[in-house]
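Structure first, then comments.
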Amino acid sequence: MKKLHIAGNLLKGLFVAGILTACQNENALVPQTQDNAIVETGSKTNAELKLIKDGYSQIQYIKSGRFLGKISKISGPTHYTQYSYDDSTGDLWITSKEYYKSTNQLSKEISYQIKNGKCIKSINKTNNNTREYKFNELGYLYEIISTGPGYSQKKSFNYMQVSNGLGNVRLDNITSSNSAGEFERINFFYEYNGSPAKADKYFLNPEHTSIDPYLPYFGKFSDVLVQRVQITPLPYNGQTKPFYQFFYGINADGYASSRHREYYPLGYGNDAGKQAFYSSLEYSTYWQGI
């Protein structure tokens, strides 16, 4: 694979096949069961297939009106998040409010500004952090600039062109920096130990991008599922590199039906402190909502 930094004019002339989708809580190495996945097709209700369950999270959508099909609520084990939409100013503004389930107390509120199908700005009203999102001419997110009281940080998104004749582009790494320089690099891997890449038929924003996984306004990061992630402190002087690997169950329709995540806080091959998480994924055309 040829690695490249996709920003601005560097992408002119690069042909990308397919349609880029738009706006931020693993058959890779071993097979997983598919019993927990439900894909209902040919439904007389709603028609569009939606993710309705991601692990312990139940996902609901708006069922009528101008914002039909947009996400309305996510209910998790300890928190729930409600989404509201307003396009009265010309741009679409999405407000995400997260609450504690036990008390219904607001824990986090973020507003997203959407222009031409892309999130260009978000405002975290809980910590007064503002983010600006920059996209290249092909719609790929290449930079996030975060600012707040006494705080400034940049995340640079770097991509690689896949040599498969389709012109596909995949997120290679995210490098974070502040006034003192680069301090972290997150690398993404899509094949591992001979395990082939697995098509991503229902796109979610990848973990470790610091973006809301369910909002489709940040461009597309890859055509296939992430199988490994490694986090490297910078400058690197032999520190521990936290490592994640993902195994997916794939159902008969080609959708990820389960996700098994393994986390190695002391790096790959060191089982001390290893954690494992399993999530089933369910889809339906009979999605619930308001």
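Counting from -5, one number per residue, gives the positions in the sequence shown under the working numbering. For each residue, glycine too, the CB sits at the ideal point set by N, CA and C.
query, result
"Expected contact under 8 Å - CB spacing of Asn162 and Asp217 to nearest Å", "5 Å"
"Entirely enclosed beta strand (DSSP E) segments - the region 94 to 157, minimum 3 residues", "100 to 109, 112 to 118, 123 to 129, 135 to 142 and 145 to 155"
"Residue closest to Asn231, alpha-carbon to alpha-carbon, out of Ser252, Glu178 and Asn199", "Glu178"
"CA-to-CA distance, Arg253 to Ser189, given in whole angstroms", "16 Å"
"Status (buried if at least 16 other CB within 10 Å, exposed otherwise) for Arg125", "buried"
"Boundaries of the beta strand (DSSP E) in which Phe241 is found, first to last residue", "Phe237 to Ile244"
"Three-state class that DSSP yields for Phe61 in the structure shown", "coil"
"Ile180 beta carbon less than 9 Å from that of Gln224", "yes"
"Nearest-angstrom Cα separation, counted from Ala250 out to Leu275", "7 Å"
"Distance, Gly243 Cα to Tyr94 Cα", "31 Å"
"Close-in-space but distant-in-sequence residues of the same chain around Tyr55 (CB under 7 Å, 5 per side omitted)", "Lys44, Gly63, Lys64, Ile65, Ser66, Trp281 and Gly283"
"Alpha-carbon to alpha-carbon, Glu185 and Ala270", "20 Å"
"Ile285: first and last residue of the uninterrupted beta strand (DSSP E) it sits in", "Given a span of -5 to 284 for the chain in the structure shown, any question on residue 285 remains unanswerable."
"Extent of the continuous beta strand (DSSP E) run through Asn167", "Val163 to Asn172"
"Assumed close pair Phe215, Leu165 - CB separation to whole angstroms, cut-off 8 Å", "4 Å"
"Per DSSP, the bridge partner or partners of Leu287", "The displayed coordinates of the chain run from -5 to 284. Any statement about residue 287 would go beyond what the structure contains."
"Range of the contiguous beta strand (DSSP E) that encloses Glu176", "Gly175 to Phe183"
"Beta-bridge pairing of Pro227 - partner residues as DSSP gives them", "Glu178"
"Distance, His202 Cα to Ser150 Cα", "13 Å"
"Which residues DSSP lists as bridging Phe271, in chain order", "Arg255"
"Short Cβ contact (9 Å threshold) for Phe212 with Arg222", "no"
"Assigned exposure category for Ala191 - 16 Cβ within 10 Å defines buried", "buried"
"Residue burial classification, Asn98 (beta-carbon count within 10 angstroms, cutoff 16)", "exposed"
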